[in-house]
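Comments concern the structure below.
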Amino acid sequence: MAEFVRVWKEFDIQELSRHLLVVGDIAGDCSKCRELGIDYSNAKSCPKCGTMFKYVASRTREIKKITKKRPDLIFIDFEDYKKVLGKIKARNLFS
165 MAEFVRVWKE FDIQELSRHL LVVGDIAGDC SKCRELGIDY SNAKSCPKCG
215 TMFKYVASRT REIKKITKKR PDLIFIDFED YKKVLGKIKA RNLFS
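So this is what it looks like as structure tokens:
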């Protein structure tokens with residue numbers, strides 16, 4: 165029986181942000197240009213900026229549903245992503 169486990173890996177956060185599709189309750193958003201209302205179940209790229217999606221993160225806990233629809237994308241923990249972005253923003257304030 166396959167289950168999901170959390171695995172940590174170093175990522176270039178800017179690269180990740182440029183190719184991340186963030187999924188909400190109904191639709192997704194492009195992390196690069198903030199386009200809203202993207203159909204995450206079949207969008208390969210952002211309809212506004214054209215960026216190709218490589219990663220997906222969810223604001224909800226519906227990991228299995230999303231990964232079934234999008235097995236081509238690498239799943240990123242949204243809370244981890246927000247935490248790292250917060251650290252970077254704080255560091256930039258004091259630089």
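So the number in the numbering used here is just where the residue sits in the sequence shown, counting from 1, plus 164. From the three backbone atoms N, C-alpha and C, an ideal C-beta is built for every residue, glycine too.
Check each candidate in Met165, Ala166, Ser181, Glu167 and name the one with the smallest Cα separation from Ile240. Ser181
Any contact between the region 211 to 218 and the region 190 to 200? By contact I mean 3 or more CB pairs, one from each, below 8 Å. yes
Give every residue of the same chain whose Cβ lies closer than 7 Å to the Cβ of Val248, excluding the five residues on either side of it in the sequence, and list them in chain order. Ile177
Distance, Asn256 Cα to Val220 Cα: 26 Å
Own chain partners of Tyr245 with C-beta closer than 6 Å, once the 5 adjacent residues on each side are dropped: Ala221
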